[in-house]
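For reference, the structure discussed in these notes is given below.
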Amino acid sequence: MYQYNEVDQQLVNERVEQYRDQTRRYLAGELSEDDFLALRLMNGLYVQRHAPMLRVAGPYGMYNSTQLRKLAHIARTYDKGYAHFTTRTNIQFNWPKLEEVPDILAELASVQMHAIQTSGNCIRNTTTDQFAGVIADEIEDPRPYCEIIRQWSSLHPEFAYLPRKFKIAVSASPTDRAATQVHDIGLHIVKNEAGEVGFEVLVGGGLGRTPVIGKQIRPFLAKEDLLSYLEAIVRVYNLNGRRDNKYKARIKILVQTMGIDQFRELVDAEWEQIRDTDLKLPSTEIDRVKTFFTPFEYDQTAKDDTTLEQKLVEDDAFRTWYERNTVNHKVAGYRITYISLKPYLKPAGDVTDQQLDLIADLADKYSFGEIRATHNQNLVLADVKNSDLYAVWQILTDANLARPNIGTLTDMTVCPGGDFCALANAKTLGIADQINRKFEDMDYVYDLGDLKLNMSGCINACSHHHVGHIGILGVDKKGEDWYQITLGGDDGSNAALGKVMGKSVASDEVADTLQKVIEVYVENRFENERFIDTFQRIGMAPFKEYVYAPAN
Amino acid sequence: MPLLINREVVADNWSLLNEESFAPEATLSSGDIIVPYALYLEHKARLAEHDGQIALQVNGDDDLTELLENLDQFPMIAIDFPIFRDGRGFSIARILVRAGYKGEIRATGDIGRDRLAYMERCGFTAIQVADDQFKPEMLDAFGEISNFYQSATDNIRAVYHQ
Chain A
158 MYQYNEVDQQ LVNERVEQYR DQTRRYLAGE LSEDDFLALR LMNGLYVQRH
208 APMLRVAGPY GMYNSTQLRK LAHIARTYDK GYAHFTTRTN IQFNWPKLEE
258 VPDILAELAS VQMHAIQTSG NCIRNTTTDQ FAGVIADEIE DPRPYCEIIR
308 QWSSLHPEFA YLPRKFKIAV SASPTDRAAT QVHDIGLHIV KNEAGEVGFE
358 VLVGGGLGRT PVIGKQIRPF LAKEDLLSYL EAIVRVYNLN GRRDNKYKAR
408 IKILVQTMGI DQFRELVDAE WEQIRDTDLK LPSTEIDRVK TFFTPFEYDQ
458 TAKDDTTLEQ KLVEDDAFRT WYERNTVNHK VAGYRITYIS LKPYLKPAGD
508 VTDQQLDLIA DLADKYSFGE IRATHNQNLV LADVKNSDLY AVWQILTDAN
558 LARPNIGTLT DMTVCPGGDF CALANAKTLG IADQINRKFE DMDYVYDLGD
608 LKLNMSGCIN ACSHHHVGHI GILGVDKKGE DWYQITLGGD DGSNAALGKV
658 MGKSVASDEV ADTLQKVIEV YVENRFENER FIDTFQRIGM APFKEYVYAP
708 AN
Chain B
10 MPLLINREVV ADNWSLLNEE SFAPEATLSS GDIIVPYALY LEHKARLAEH
60 DGQIALQVNG DDDLTELLEN LDQFPMIAID FPIFRDGRGF SIARILVRAG
110 YKGEIRATGD IGRDRLAYME RCGFTAIQVA DDQFKPEMLD AFGEISNFYQ
160 SATDNIRAVY HQ
């Protein structure tokens, strides 16, 4: 994992003092509400329904145990004892006091963390594959490039006032686990015909009001050109993106309006001017950053373990968890292990201070002290030995962190919704509970297999409902919460946007409606066919017909 | 309006013209003037007789293609920030510097304290702050962050070249 040097540390320290002074001036009445708004947004502080909300950056989803303990301490000391992981792999505190935020930022800086650019119209936290570095099918570990992008984009003087927020995701596997096709820029680490490793670049994807799948702007970009090419794209966007209407201000609208070919011409013309400047990445720098992500010293004898096999035979509950919540590691004898933040009847992505401490201890003892957050609001211990899995499972189970539901219907991605968020049109947490109650029978849920359910409380789509196999969108109808259901979305390698099934349903009918959707799937599926594959094969009509059939 | 150059408040001898300045019955103010680019193009003939220096004020809506070929005719280009959220001026400044412009690059319009350091990094050599937005302590804003990751238009090199 990347470790700060003096430059990084000084920057976050100075940023804390800068924000402390800004807060002081605001509280003293020297800064207007509006002026302070822009400044606090640059430091991840929103004002929400009940209180300010502070969003802390988790760079490309990486956390270490020291940081988790600090986050636990912050949750305990400055908040109500819990925090919330987001779909950008960041972590949010929902109840900080505005006047204490400078102290929180100072605490964060002491463990190499910050809240810079976690909100505002700037380049946000870069995200990547939660299996980076430990999965066999990747071409190269994407994290060094994420770190290089993090540094380049942090406090970039030219791009702090873009037309709208800007999100970059990097993936290095044929299986896209970072939703790169629905990002402002998606980078795929690929090999060209000459065997060189570089980037395929996508641009103009995004969700929100106008969901769009990104388009390829460049099939292959050399590594040394990464920053100059990113800078060219963002500069063209900064100069040409719409600023008259915030709903049309994302780069996807510019690319759509202009057409990808004309957009590419502008980018290439700009790039020509800057590609041979000091934006050219020296290979020494790539190598330097790579040293922070070299593989751990894995135990070569781990593969000789026989206890796992035995436990799998003996303990059904453990086996279920193992099958659902752990994944093949590239090193024999290790498993990538999920920590489910989707317990029964609790908000998705929430963790208590005690859970954070416990996860930190687990990471130290069993997984080289590192923890990753996923864009579906779960956590991952990336390097657990086979022989340790049973112990890890027991500890996670006791802490309500081992619900064996990863990738299933109850592994819902859910925004905080109308209970917390000032933008939301409808509540989400109660609906998630309703669905959990309806689909309480886990055997049934396993039988349904991989099924991605995403629910957003408003059209801003923080929970990516457009790319859920099943998406649920809360809408406001004359003061009541209603829910629109989309089917057929996908944020993986075959990215697709869900289509609206029909008229929205009342809040007490969501789970029943889902049940009907599932029945159509079960009725029509081939053996081992996933929901999304059945949907693509049979189309919307059978679902629509059955769900909206008049009762008789 | 306070003008900041080299992180200090300095005297400003320029006056900014607007549409009214060019009304048929009006006489152009004498001395050094800043003319919005659109008005400059419209009133070129009238401006040819002006006895002081002429600078241009541009914004993100202007097509700068032609101007970039003739930059050396102007001792100063002012870049306007019509509203706080409009960040196009940062890119425009960098493009001017890249085009080899050696005159003053001045920021005008909605200038907040926290943008001063960014402006300096993007190549602005003068920043004009509205009277109601200016406070002397603003000058501290330049030095709040003292090192940077990326190169820009100042002399700072990207962190990997340092």
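Protein chains in written order, with my numbering: chain A, 158 to 709; chain B, 10 to 171.
Backbone N, C-alpha and C fix where the C-beta goes; we use that ideal spot for every residue, glycine too.
*Leaving out five residues before and five after GLY152 (chain B) in sequence, what residues of the same chain have Cβ atoms less than 6 angstroms from its Cβ?*
The beta carbon of GLY152 (chain B) lies closer than 6 angstroms to none in the same chain, with the five residues before and after it left out.
_Integer Cβ distance of HIS340 (chain A) from LYS324 (chain A), believed to fall under 8 angstroms_ = Contact flag correct, Cβ pair sits at about 5 angstroms.
*When you compare each of A:ASP540, A:ASP510, A:ASP456, A:ALA505 to ILE493 (chain A) by their alpha carbons, which one comes out closest?*
Ranked by Cα distance from ILE493 (chain A), the first of A:ASP540, A:ASP510, A:ASP456, A:ALA505 is A:ASP540.
*Please look up how many angstroms separate the CB atoms of ALA459 (chain A) and ASN543 (chain A), rounded, as I've assumed it's under 8 angstroms.*
Confirmed, Cβ separation roughly 6 angstroms.
*Check distances from the C-beta atoms of the segment 293–318 of chain A to those of chain B and list, in chain order, the residues that come in under 9 angstroms.*
Hits within the stretch, in order: ILE305, ARG307, GLN308, TRP309, SER310, SER311, LEU312, HIS313, PRO314, GLU315, PHE316, ALA317, TYR318.
*Can you give the Cα-Cα distance for LEU198 (chain A) and GLY121 (chain B), rounded to whole angstroms?*
GLY121 (chain B) has its alpha-carbon roughly 14 angstroms from the corresponding atom of LEU198 (chain A).
*Around the Cβ of SER38 (chain B), are there at least 16 other Cβ atoms within 10 angstroms (buried) or fewer (exposed)?*
Of the other Cβ atoms in all chains shown, fewer than 16 fall within 10 Å of the Cβ of SER38 (chain B); this residue is therefore exposed.
_For a quick check, are the C-beta atoms of GLY564 (chain A) and ARG481 (chain A) less than 9 angstroms apart?_
With respect to the 9 angstroms criterion, GLY564 (chain A) and ARG481 (chain A) are classified as neighbours on the basis of their beta carbons.
*Taking buried to mean at least 16 other C-beta atoms within 10 Å of its own C-beta, is PRO331 (chain A) buried or exposed?*
By the neighbour-count definition (other C-beta atoms within 10 Å, threshold 16), PRO331 (chain A) is an exposed residue.
_Range covered by the alpha helix (DSSP H) that runs through SER440 (chain A)_ = Per DSSP, SER440 (chain A) belongs to the alpha helix (DSSP H) from 440–447.
*Uninterrupted beta strand (DSSP E) stretches inside the segment 337–368 of chain A (no shorter than 3 residues)*: Whole beta strand (DSSP E) segments, 3+ residues: 342–348, 354–360.
*Quick one: measure Cβ to Cβ for ALA326 (chain A) and LYS487 (chain A), integer angstroms, because I've assumed they're closer than 8 angstroms.*
Rounded to whole angstroms, the Cβ separation of ALA326 (chain A) and LYS487 (chain A) is 21 angstroms, and the two are not in contact under 8 angstroms.
*Do the CB positions of PRO299 (chain A) and ASP286 (chain A) come within less than 9 angstroms of each other?*
A Cβ-Cβ contact shorter than 9 angstroms links PRO299 (chain A) with ASP286 (chain A).
*Apart from the five residues on each side of it in sequence, which residues of its chain come closer than 6 angstroms, Cβ to Cβ, to GLU304 (chain A)?*
Excluding sequence neighbours, GLU304 (chain A) sits near TYR159, VAL446.
*Starting from PHE323 (chain A), follow its DSSP beta bridges and name the residues at the other end.*
Paired residue(s): A:ILE280.
_Counting only C-beta atoms, is THR180 (chain A) closer than 9 angstroms to chain B at any point?_
For THR180 (chain A), the closest Cβ of chain B is not nearer than 9 angstroms.
*asked:* So, with DSSP's three-state summary, where would you put VAL291 (chain A)?
replied: Annotated three-state conformation of VAL291 (chain A) is coil, per DSSP.
*Consult DSSP for MET128 (chain B) and reduce its assignment to one of helix, strand or coil.*
Three-state result, MET128 (chain B): helix.
_Nearest residue (CA-CA) to GLN167 (chain A), options B:THR162, B:ASN164, B:ILE165, B:TYR158_ = Comparing Cα-Cα distances from GLN167 (chain A) to each of B:THR162, B:ASN164, B:ILE165, B:TYR158, the minimum goes to B:TYR158.
*asked:* Taking 8 angstroms as the limit between beta carbons, can you name the residues of its chain near ASN22 (chain B), skipping five residues before and five after?
replied: GLY40, ASP41, listed in sequence order.
*With 9 angstroms as the threshold, decide whether the Cβ of PHE151 (chain B) is near any Cβ in chain A.*
No, no contact with chain A.
*What residues are listed by DSSP as bridge partners for PRO45 (chain B)?*
Answer by DSSP bridge pairing, in chain order: B:GLN66.
*asked:* Output needed in chain order: residues of the segment 381–409 of chain A with a Cβ under 7 angstroms from some Cβ in chain B.
replied: If the cut-off is 7 angstroms between Cβ atoms, the segment 381–409 of chain A has ARG392, ASN395, LEU396, ARG400 near chain B.
*asked:* Below 8 angstroms on the Cβ atoms is my contact criterion, and I expect ASN535 (chain A) with LYS503 (chain A) to pass it. Report the Cβ-Cβ distance as a whole number of Å.
replied: 13 angstroms between Cβ atoms; not a contact.
*Measure the beta-carbon distance from GLU295 (chain A) to ALA351 (chain A) and round it to whole angstroms, keeping in mind my assumption that it falls under 8 angstroms.*
Incorrect: roughly 20 angstroms between the Cβ atoms, too far for contact.
*Residue burial classification, ALA139 (chain B) (beta-carbon count within 10 angstroms, cutoff 16)*: ALA139 (chain B) should be labelled exposed.
*From THR531 (chain A) to TYR49 (chain B), what does the alpha carbon distance come to, in whole angstroms?*
Going by the C-alpha atoms only, they are around 54 angstroms apart.
_Span of the beta strand (DSSP E) around LEU536 (chain A)_ = Per DSSP, LEU536 (chain A) is one residue of the beta strand (DSSP E) stretching across 536–542.
_Please report the straight-line C-alpha distance between GLY215 (chain A) and ARG321 (chain A), rounded to a whole angstrom._
Going from the Cα of GLY215 (chain A) to the Cα of ARG321 (chain A) covers about 21 angstroms.
_Once DSSP output is grouped into helix, strand and coil, what is the label at ASN153 (chain A)?_
Only positions 158 to 709 of chain A appear in the structure, and residue 153 (chain A) is not among them; the question remains open.
*asked:* Determine whether the beta carbon atoms of CYS572 (chain A) and MET612 (chain A) lie at a separation below 9 angstroms.
replied: For the 9 angstroms CB-CB criterion, CYS572 (chain A) and MET612 (chain A) form a contact.
_Touch test, the segment 658–672 of chain A against the segment 353–370 of chain A, Cβ-Cβ under 8 angstroms, three pairs minimum_ = No contact exists between the segment 658–672 of chain A and the segment 353–370 of chain A.
*VAL508 (chain A) and TYR239 (chain A) look like a contact to me (Cβ under 8 angstroms); what is the Cβ gap, rounded to whole Å?*
That pair is a contact at about 6 angstroms.
*Evaluate the contact criterion for the segment 624–641 of chain A versus the segment 236–256 of chain A: three or more CB pairs, one atom per stretch, below 8 angstroms.*
Short answer: they don't touch.
*Apart from the five residues on each side of it in sequence, which residues of its chain come closer than 6 angstroms, Cβ to Cβ, to LEU378 (chain A)?*
Taking LEU378 (chain A) as the centre and dropping the five residues before and after it, the same chain places the C-beta of GLY355, PHE356, VAL358, TYR386 closer than 6 angstroms to its C-beta, in chain order.
*Tell me, please, whether the CB atom of GLN167 (chain A) is closer than 9 angstroms to any CB atom in chain B?*
By this cut-off, GLN167 (chain A) is an interface position.
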